[in-house]
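Listed in order, the protein sequences are those of chains A and B.
Using the numbering used here, you'd call the opening residue of the first sequence number 2 and step up by one each time.
Using the numbering used here, you'd call the opening residue of the second sequence number -5 and step up by one each time.
What follows is a short report on a single structure.
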Amino acid sequence: MGRYIASRTGSSLLVLLGASIILFCTIRFVPGDPITTVLGSAGIANPDLVARAITAYGLDKPLPVQYVAWLSHVAQGDFGFSLVSGERVTDIVARRVGPSLLLGLAASVLGLGIGLIWGIAAGYLSGAARAVLRAAPMFVLVVPSFSVGLALIFAFAVSLRLLPASGLSSPLEGDHQSLASLLTHLILPALALCLVPASLVARLTYATIDEVEQEEFIRTARALGVPAARIAVQHSLPNVMLPIITTGGLLVSALITNAVLIETVFSWPGVGTMMVTAVQQRDYTVVQAGILVVAVAYVLSSLAVDGLYLVVDPRVRNPPNT
Amino acid sequence: MSGATAVRPTSVRWSAFSAGPVMRHWRSFVAIGVIAAFMIAWLGRDFLTEFGPSAVRPARALLPVGAPGSPLGTDGLGRDLLSRLLAGVPFSLLFGAVPAAAGMAIGAAIGLIAGFAGGKIDRAIVGVMDVLLTFPFILLAILVSAVLGASLQNAMIAVTLSILPKNARLIRSQTLSLKHREFITASQLAGAGPVAIILKHLLPNVLPTALIVASTDVGLMITLTAGLSFIGLGVQPPDVDWGVLVAEGARYITSAPNLAFIPSIVIAIVSIAFVALADNERRRRRSRH
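This is how it looks when you write it as structure tokens:
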């Protein structure tokens, strides 16, 4: 068990280390020279000033030393200042993390719930319903999630006028959200975002049910006259949890990728829209911070999902002594 | 051959020309038909549409579906939607196909080398691929676009990198199952070098799987890359792909929903054609074994 935790944590740290090194290196490809930016075109003509600036910013040190210095700033939450607004990047990101986490959590819960019900129905129903439920996940994966978002906007915001399409204000504007307004704003984006994880979970669920139904312990239970519903709940479904946990990293990754698109569709004030706007404005420091924050979120949630293994699978908890 | 016996597909030769294969593979035929129809429509775009994709005519702005001269309607600048859809065909198809093909080619090379070499090389490659396997690719796309500028080429590089690990793992496991088969051992004993074995014996055996997976990927990539274009990281104006069209149409979602929905439906149809093609082929191979 200790070994499992150590290896998972180790590889997560490696991902973050790799991501931070790549981020540190790529920012050097950004057009323009930092010294020119700091000194201005007049100062750059003075070689003495240039030399002093290079020493002051540590640009004369070897790259690994510069990396460690950068990392220690980042670890303390210091990402520098936005190149567009001049604001502290940490403040900008801090405002955006909350809405993104809220949307991500809502979509995860919805996706898991809908996916399980969908998969169980596809596993146990028969006839036309079964065929439709089994074909549907593939359709969900090829219909773009942003199109689903637009369709929801058209149906519920434009035609029925039931729910708002966008306009969740960020705390930047000074007003605080009422819970009711927050929830009505959350419904459509969470629904649009949950479909991709839901269809992935549904596929895993019915595939596992198919597999488990062939097992001998199910046949034994059936032969002993245990009711079908009880076999499903007690013997079949617990086996579904393992494949879902195994593909947890993939689910988190699909959620993050689609969240960026869905946030854009609904003008959700989250990290995704922040990064998309920052790319358009070439606000490198904000892009850098956004990528690092999302990478950390990805690694932590994958790690948390892996941790569930310990809870669910006794084989991992108490490995046989070999 | 008399009429009575000809009805029964008794001989292999006859059944090859009967309706049998078409009926059995109707999914593949429909899928290929759909993809071919879009390509042919693109070739004949000058005959099918009255106006060019970039022709701005304010007098014809926001015409509904079925308007004379613009069967799918026009956008806020009076540009013809059908014409713009057809102009997007090569961009959308290549944006899906190039990363899928490149991701499979590079992934297969890595997988073949890792599987055949084994030992430390294999463990190192598998370690790196496992770490990269589920990393959210959109972060890579955002980073590349931020640093090198948003362009179709940069987006393709990011997407290719994202599907590489999955393919490398698949081809590696195929290679492992082939590696100890007699024909490989025989050619090793006959003195064939590792490069010759990989190219002559392993590659042809993993190729069918590779092609099927790549076809599924083309379908999924068309949807995925449309997403990149949707947020402005993919195809850049004045070029259009279907993701750009959906993004433009989203602005008119209240007044002209056809502008966003028609390109969305086209993305879904073409994606599913590629996926169905691969799916049918996979099923055919499974039933044969």
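C-beta atoms are modelled at their ideal positions from N, C-alpha and C, and glycine is treated no differently.
Remember, it's a predicted structure, so these values are computed and weren't measured experimentally.
What is the DSSP secondary structure of residue i, reduced to helix, strand or coil?
i	result
B/D235	coil
A/R89	strand
A/D34	coil
B/D74	strand
A/T324	Missing from the structure shown is residue 324 of chain A; chain A here goes from 2 to 323 and no further.
B/A61	strand
A/T185	helix
B/F45	coil
A/F25	helix
A/F326	No answer is possible for residue 326 of chain A: it lies beyond the span of chain A, which begins at 2 and ends at 323.
B/T210	helix
A/T265	helix
B/T128	coil
B/T248	coil
A/L173	Note that A/L173 has pLDDT 45, beneath the 50 cutoff, so the model's placement of it is unreliable and the number below is only indicative. Helix.
B/A0	Model confidence at B/A0 stands at a pLDDT of 44, short of 50, so the residue's coordinates are unreliable; what they give is reported in the following sentence. If DSSP states are grouped into helix, strand and coil, B/A0 belongs with the helices.
How would you call residue i, buried or exposed, if buried means at least 16 neighbouring beta carbons within 10 angstroms?
i	result
B/I115	exposed
B/F349	Here chain B covers residues -5 to 283 and nothing more, so residue 349 of chain B does not appear.
B/P93	buried
A/W119	buried
A/R318	exposed
B/W20	exposed
A/L24	buried
A/R53	exposed
B/D273	buried
B/I34	exposed
B/K160	buried
A/C26	exposed
B/T154	buried
A/D307	buried
A/G114	exposed
A/M139	buried
A/H74	exposed
B/P62	exposed
B/L201	exposed
A/E174	For A/E174, the pLDDT reaches just 47, beneath the cut-off of 50, and the residue's location in the model is therefore unreliable, although a value from the coordinates is still provided. Flag for A/E174 reads exposed.
A/V295	buried
B/A108	buried
A/G291	buried
Is the beta carbon of residue j closer than 8 Å to that of residue i?
i	j	result
A/I257	A/Y299	yes
B/I216	B/G90	yes
B/V59	B/R73	no
A/L169	A/P48	no
B/L227	B/A149	yes
B/T128	B/L80	no
B/G213	B/G237	no
A/A255	A/L201	yes
A/I219	A/H236	yes
A/Y68	A/I22	yes
B/G101	B/L158	yes
A/R135	A/A123	yes
A/D284	A/V159	no
B/V125	A/S12	yes
A/M275	B/I136	no
B/V240	A/F147	yes
B/A162	B/G113	no
B/S77	B/R39	yes
B/I192	B/I178	no
B/V28	B/V260	no
A/G1	A/A199	The shown model of chain A, from 2 to 323, leaves out residue 1 of chain A, and the question about it has no answer.
A/L17	A/A260	no
Starting from residue i, find everything on chain C with Cβ-Cβ shorter than 9 Å and list it in chain order.
i	result
B/I104	The structure shown contains no chain C; its protein chains are A and B.
Taking a cut of 8 Å between CB atoms, which residues from the stretch 151 to 170 of chain B lie near chain A? none
By the 8 Å beta-carbon criterion, what residues does the stretch 292 to 303 of chain A contribute toward chain B? I292, V295, A296, Y299 and S303
Against chain B: residues of the stretch 260 to 275 of chain A by CB proximity under 8 Å: V261, L262, T265 and V266
Sequence ranges, beta strand (DSSP E) only - wholly within the stretch 196 to 253 of chain A, length at least 3: none
Report the residue ranges of all alpha helix (DSSP H) runs contained in full by the stretch 163 to 189 of chain B; include only those spanning at least 4 residues, in chain order. 176 to 183
Positions along the stretch 129 to 155 of chain A whose CB lies within less than 8 Å of some CB in chain B: M139, F140, L142, V143, V144, P145, S146, F147, S148, L151, A152, I154 and F155
What residues from the stretch 21 to 40 of chain A come within 8 Å of chain B, judged by C-beta to C-beta, listed N to C? I23, L24, T27, I28, F30 and V31
Going along the stretch 22 to 55 of chain B in order, which residues come within less than 8 Å of chain A, judged by CB to CB distance? none
If contact means a Cβ-Cβ distance below 8 Å, which residues of the stretch 72 to 94 of chain B contact chain A? none
Against chain B, which members of the stretch 216 to 249 of chain A pass a CB distance test of less than 8 Å? none
To be precise: take each residue of the stretch 205 to 225 of chain B, compare its Cβ to all Cβ atoms of chain A, and keep it if any distance is under 7 Å. Which residues remain? G213, L214, T217, A220, G221, F224 and I225
Report the residue ranges of all alpha helix (DSSP H) runs contained in full by the stretch 269 to 305 of chain A; include only those spanning at least 4 residues, in chain order. 272 to 282
Which residues, in order along the stretch 63 to 95 of chain A, keep a beta-carbon less than 9 Å from a beta-carbon of chain B? none
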